[in-house]
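J.: Protein chains in written order, with my numbering: chain U, 1 to 341; chain A, 1 to 341.
Beta carbons: idealized from backbone N, C-alpha and C, even for Gly.
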DNA sequence: TGAGTTTTTGAAAGCGCTTTGAAAGCCAGT
DNA sequence: ACTGGCTTTCAAAGCGCTTTCAAAAACTCA
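#1: With 7 Å set as the bound, which would you pick, yes or no: does the beta-carbon of residue 282 of chain U sit closer than that to a beta-carbon of chain A?
#2: Which one of U:132, U:146 and U:284 has the shortest CA to CA distance from residue 307 of chain U?
#3: Given a threshold of 16 other Cβ atoms within 10 Å of its Cβ, counted over all protein chains shown, does residue 11 of chain U qualify as buried or as exposed?
#4: Can you tell me which of A:258, A:210, A:198 and A:240 puts its alpha carbon nearest to the alpha carbon of residue 227 of chain A?
#5: In terms of residues, what are the limits of the alpha helix (DSSP H) holding residue 76 of chain U?
#6: Would you mind working out which of U:91, U:100 and U:93 sits nearest residue 95 of chain A, comparing C-alpha positions?
#7: In the DSSP output, which residue or residues are listed as bridge partners for residue 45 of chain A?
#8: Using a C-beta cutoff of 7 Å, does residue 127 of chain U count as contacting chain A?
#9: What is the DSSP secondary structure of residue 147 of chain U, counted as helix, strand or coil?
#10: For a contact meaning CB atoms closer than 7 Å, what does residue 259 of chain A contact in chain U?
#11: Is there a Cβ of chain U sitting closer than 7 Å to that of residue 76 of chain A, yes or no?
#12: Could you tell me how far apart the beta carbons of residue 216 of chain A and residue 200 of chain A are, in whole angstroms, since I believe they sit closer than 8 Å?
#13: So what does DSSP say about residue 63 of chain U, is it helix, strand or coil?
#14: Is residue 97 of chain U close to chain A? Criterion is C-beta to C-beta, closer than 7 Å.
#15: Specify whether the region 177-193 of chain A and the region 125-132 of chain A touch according to this definition: at least 3 beta carbon pairs, one from each stretch, less than 8 Å apart.
#16: I think residue 299 of chain U touches residue 80 of chain U, with their Cβ atoms under 8 Å apart; what is that distance to the nearest whole Å?
#17: Quick check on residue 226 of chain A - is its C-beta less than 7 Å from some C-beta in chain U?
#18: So residue 183 of chain A and residue 244 of chain A are in contact, right, with Cβ under 8 Å, and what is the actual spacing, rounded?
#19: For the region 201-209 of chain U against the region 172-186 of chain U, do three or more pairs of beta-carbon atoms, one drawn from each stretch, fall closer than 8 Å, so that the two count as touching?
#20: Taking residue 250 of chain U as part of the alpha helix (DSSP H), name the residues at either end of that continuous run.
#21: Could you name the residues of chain A that residue 116 of chain U contacts, counting a contact when the two beta carbons are closer than 8 Å?
#22: Between which residues of its own chain and residue 117 of chain A is the CB-CB distance below 8 Å, once the five residues before and five after are set aside?
#23: Extract the residue ranges of the alpha helix (DSSP H) inside the region 264-337 of chain A, only unbroken runs of 4 or more that lie entirely within it.
#24: Would you please verify whether the beta carbon of residue 251 of chain A is less than 7 Å from any beta carbon of chain U?
#25: Anything in chain U within Cβ reach of residue 111 of chain A, meaning under 7 Å, just list it in chain order.
#26: With burial defined as no fewer than 16 other Cβ atoms inside 10 Å of the residue's Cβ, what is the status of residue 282 of chain A: buried or exposed?
#27: Considering only the alpha carbon of each residue, which of U:144, U:179, U:22 and U:102 lies closest to residue 311 of chain U?
#28: Determine the extent of the beta strand (DSSP E) in which residue 100 of chain A is found, giving its start and end residues.
#29: Taking all protein chains shown into account, decide if residue 225 of chain U is buried (16 or more other Cβ within 10 angstroms of its Cβ) or exposed.
#30: Residue range of the beta strand (DSSP E) that residue 245 of chain U falls in?
#31: Taking the straight line between their C-alpha atoms, what separation do you get for residue 125 of chain A and residue 339 of chain U?
#32: CB-CB under 7 Å to residue 268 of chain U, same chain, minus the five flanking residues each way: which ones, in chain order?
#33: The alpha helix (DSSP H) that contains residue 208 of chain A, what's its start and end?
#34: Kindly list, in the order they appear in chain A, the residues whose Cβ is closer than 7 Å to that of residue 53 of chain U.
#35: Taking buried to mean at least 16 other C-beta atoms within 10 Å of its own C-beta, is residue 13 of chain U buried or exposed?
#36: For residue 121 of chain U, name the three-state secondary structure that DSSP assigns.
Dropping the structure here:
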């Protein structure tokens with residue numbers, strides 16, 4: 001049933017029916033009730049495409065997820081972030097469109113999105129350090145919020161991010177306090193902005209403690225269990241192996257733990273591990289007692305907040321960009337202990 | 001720039017321009033080239049909403065993901081499945097809409113989706129054993145493909161599924177061959193259809209070998225690391241603890257492994273583990289050498305195939321429903337060995 | 001009762017596209 | 001020059017909604 005049919009059925013004009021259903025004040029209360037009842041009875045829902053053509057608003061938000069041919073992995077945090085965002089969007093009546101876009105096709109893709117006009121705004125995922133998408137989107141005048149930041153971009157834009165620098169700085173300081181000097185960092189892909197910031201936090205903490213960084217102790221790559229495992233193995237084979245590991249995600253930490261076991265080292269006694277924990281639904285850091293000492297910040301919560309920011313921008317397009325920096329909690333688990341002598 | 005402007009700019013009618021761009025044969029080749037060039041030069045892309053209003057096709061497919069209030073987790077396989085599907089949809093010019101829907105609001109949600117008409121088809125996730133959504137969707141005449149099956153549904157429908165029964169039957173048989181008799185199953189939530197089938201496969205294999213199932217050896221729940229850990233701990237404390245574990249996912253297997261370590265048991269020697277492995281991008285079963293013996297089937301591949309099936313249904317709505325059953329590979333890793341005497 | 005207000009309803013235009021049905025342009029054949 | 005048959009183009013209607021502008025209906029008050 002469409003509006004015209006419903007209007008005929010009610011012996012009213014489409015105008016009145018439309019107004020009644022959209023809460024306009026100039027329709028008599030009795031009429032409104034009659035219309036609403038009929039709409040319910042006939043299971044009428046306005047056609048979304050027609051509605052957005054008429055109003056110019058799509059009530060849809062796009063998530064654009066970069067898909068690199070070389071790194072064919074869709075980062076697991078997307079799932080939780082999108083879930084959080086979807087909760088907000090759902091509550092506000094917005095739909096969520098997902099698009100994967102291949103490396104290099106980004107500019108074209110965003111232009112097309114804008115021209116096709118089927119989203120009111122965009123969430124940008126996985127920013128690189130020098131990320132050209134941000135300027136492009138500013139130019140396109142399409143509201144957007146970035147999950148993360150792009151170090152080299154100077155124009156203002158809206159973002160939601162976790163304080164990667166601070167989290168990794170604190171984690172490193174904590175290890176130093178425990179007496180560790182040979183501290184390894186098993187990081188994400190280094191061209192990703194978050195990884196860059198984490199490394200900076202790590203290096204800063206080392207420097208303030210007067211510890212010279214050792215490049216054999218630093219590894220970057222796709223954040224898989226295998227990445228953690230193989231790099232930890234390599235480092236443990238060094239003449240002076242690290243006594244502590246900082247890892248970029250729980251999955252990587254699991255890989256490091258496996259390496260320790262293979263080398264018959266006891267986690268928290270022989271070697272310490274601190275990881276960042278995105279608090280993903282299906283991969284918690286243990287139950288009540290955390291397995292790993294960790295810096296924790298919920299990505300799902302970030303998704304909720306990011307979505308709210310975007311909805312706000314869509315509603316008030318002239319506002320200046322907003323930023324939101326989340327601080328990670330630091331949780332003590334069983335994976336850290338004093339440095340062995 | 002819209003069609004009207006482009007047409008004026010070219011001194012042609014909208015009709016001709018539209019036809020030229022959509023590859024209709026009745027437009028002179030010279031004109032078509034001229035139009036195409038102008039479209040490119042002016043960065044013209046037809047408005048999606050208008051187009052779908054005019055054609056009646058939305059070029060959009062919906063993924064509907066159940067979100068239970070009790071089990072607030074979005075299963076990690078969604079991420080990989082959706083990624084696979086998105087690859088197919090992308091290639092065919094389809095957009096992908098995501099909606100999370102709360103338990104109990106499903107019927108309403110699907111009806112609304114249909115009425116709003118902003119998708120041409122749907123992928124249904126996470127079917128339960130008795131899943132009312134399938135009949136509803138059949139009734140709504142909205143093309144759909146289910147990822148998984150629903151045991152108690154008799155009306156025909158399209159699905160793509162992994163052979164859960166067979167995979168778990170084989171895995172159990174394999175353990176039996178190795179001499180194990182006390183075999184535990186750490187399963188997913190038992191009202192989920194896949195978990196039900198897995199349990200059936202497990203029980204069938206036990207029965208054919210004349211082994212009486214022990215209910216203390218069977219656990220169901222959300223597939224987290226903690227679920228694997230805590231249930232394994234409980235079972236290892238039994239007077240007659242299992243000598244082998246069958247787990248529903250890699251994450252659960254990691255939990256079981258942690259339990260073994262806590263009990264100072266060596267995996268593959270004292271206790272064996274076989275897991276199902278969805279071959280998720282970020283959580284591989286080790287590198288070249290698998291950690292766990294596993295039944296493996298790529299969820300991402302399932303996503304691609306499921307998407308193709310749905311596109312097919314959209315293109316040929318009168319076709320009878322199609323089914324696609326994937327068989328899991330069985331991969332030997334280091335987590336299994338002969339039963340200890 | 002009727003002029004002036006206010007409330008309530010409706011006709012029609014418009015959002016940007018596709019598509020139908022008609023017309024114009026072109027060519028060969030008589 | 002004219003007809004018939006192609007090829008190519010166009011005007012206009014329609015997709016299902018919102019919204020503007022105008023008209024009708026219902027009050028208010030002298």
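T.: The relevant details are as follows:
#1: Along the first chain, one-based indexing puts residue 282 of chain U at 282. Chain A, which has a Cβ nearer than 7 Å to the Cβ of residue 282 of chain U, makes this yes.
#2: Locating residue 307 of chain U in the first chain gives position 307, where the first residue counts as 1. Nearest of U:132, U:146 and U:284 to residue 307 of chain U, Cα basis: U:146.
#3: Within the first chain, numbered from 1, the residue matching residue 11 of chain U stands at position 11. Here residue 11 of chain U is exposed. Its C-beta has fewer than 16 other C-beta atoms within 10 Å.
#4: By 1-based counting over the second chain, the position of residue 227 of chain A is 227. Checked all of A:258, A:210, A:198 and A:240; the closest Cα to residue 227 of chain A is A:258.
#5: In the first chain, the residue the question calls residue 76 of chain U occupies position 76. DSSP places residue 76 of chain U in the uninterrupted alpha helix (DSSP H) bounded by 76-91.
#6: Translated into positions along the second chain, residue 95 of chain A becomes position 95. Of the listed residues, the one whose Cα sits closest to residue 95 of chain A is U:100.
#7: Residue 45 of chain A sits at position 45 when you count from the first residue of the second chain. None; residue 45 of chain A has no bridge partner.
#8: As a working note, residue 127 of chain U is residue 127 in the first chain. Chain A, which has no Cβ nearer than 7 Å to the Cβ of residue 127 of chain U, makes this no.
#9: Here residue 147 of chain U is taken as the residue at index 147 of the first chain, counted from 1. Here residue 147 of chain U sits in strand by DSSP.
#10: Within the second chain, residue 259 of chain A is the residue found at index 259, counting from 1. Below the 7 Å Cβ cutoff, chain U contributes no neighbours of residue 259 of chain A, its closest Cβ being approximately 12 Å away.
#11: Walking along the second chain from the start, residue 76 of chain A turns up at place 76. Chain U contact via Cβ: present.
#12: Locating residue 216 of chain A in the second chain gives position 216, where the first residue counts as 1. Locating residue 200 of chain A in the second chain gives position 200, where the first residue counts as 1. Not confirmed; about 19 Å, so no contact.
#13: Along the first chain, read from residue 1 onward, the residue named residue 63 of chain U stands at position 63. Strand, per DSSP.
#14: Taking the first residue of the first chain as 1, we reach residue 97 of chain U at position 97. Yes, residue 97 of chain U lies at the interface with chain A (some Cβ there is under 7 Å from its Cβ).
#15: These segments touch.
#16: On the first chain, position 299 is the one that residue 299 of chain U refers to. On the first chain, position 80 is the one that residue 80 of chain U refers to. Confirmed, Cβ separation roughly 5 Å.
#17: As a working note, residue 226 of chain A is residue 226 in the second chain. The Cβ of residue 226 of chain A sits closer than 7 Å to at least one Cβ of chain U.
#18: As a working note, residue 183 of chain A is residue 183 in the second chain. As a working note, residue 244 of chain A is residue 244 in the second chain. A Cβ-Cβ separation of about 5 Å places residue 183 of chain A in contact with residue 244 of chain A under the 8 Å criterion.
#19: Yes, since at least three Cβ pairs between the region 201-209 of chain U and the region 172-186 of chain U fall closer than 8 Å, the two stretches touch.
#20: The sequence position of residue 250 of chain U within the first chain is 250, counting from 1. Per DSSP, residue 250 of chain U belongs to the alpha helix (DSSP H) from 250-262.
#21: Walking along the first chain from the start, residue 116 of chain U turns up at place 116. Under the 8 Å cutoff, chain A gives 45, 46, 47 and 48.
#22: By one-based count along the second chain, residue 117 of chain A stands at place 117. Around residue 117 of chain A: 58.
#23: Listed in chain order, they are 299-315.
#24: Walking along the second chain from the start, residue 251 of chain A turns up at place 251. Closer than 7 Å: yes.
#25: Here residue 111 of chain A corresponds to residue number 111 of the second chain, with the count starting at 1. Correct list: 43.
#26: Here the question's residue 282 of chain A lines up with position 282 in the second chain. Buried, because 16 or more other Cβ atoms sit within 10 Å of the Cβ of residue 282 of chain A.
#27: Mapped onto the first chain, residue 311 of chain U falls at position 311. With distances taken between CA atoms, residue 311 of chain U lies nearest to U:144 out of U:144, U:179, U:22 and U:102.
#28: Within the second chain, the letter at position 100 stands for residue 100 of chain A. Counting along the chain, the beta strand (DSSP E) containing residue 100 of chain A begins and ends at 95-102.
#29: What you label residue 225 of chain U is simply residue 225 of the first chain in a count that begins at 1. It is buried - the Cβ of residue 225 of chain U has at least 16 other Cβ atoms within 10 Å.
#30: Numbered from 1 along the first chain, position 245 holds the residue referred to as residue 245 of chain U. Counting along the chain, residue 245 of chain U sits inside the beta strand (DSSP E) bounded by residues 244-247.
#31: Walking along the second chain from the start, residue 125 of chain A turns up at place 125. Walking along the first chain from the start, residue 339 of chain U turns up at place 339. Looking at the two C-alpha atoms, the distance is approximately 48 Å.
#32: Reading the first chain from its first residue, position 268 is the one you call residue 268 of chain U. Cβ within range, chain order: 334, 335, 336 and 337.
#33: For the purposes of this step, residue 208 of chain A is taken as residue 208 along the second chain, with counting starting at 1. According to the DSSP assignment, residue 208 of chain A belongs to the alpha helix (DSSP H) that extends over 193-208.
#34: Walking along the first chain from the start, residue 53 of chain U turns up at place 53. In chain order, 49, 50 and 53 make up the part of chain A whose C-beta sits under 7 Å from the C-beta of residue 53 of chain U.
#35: The residue given as residue 13 of chain U occupies position 13 in the first chain. By the beta-carbon neighbour count (other beta carbons within 10 angstroms, threshold 16), residue 13 of chain U is exposed.
#36: Here residue 121 of chain U corresponds to residue number 121 of the first chain, with the count starting at 1. Three-state DSSP puts residue 121 of chain U in a strand.
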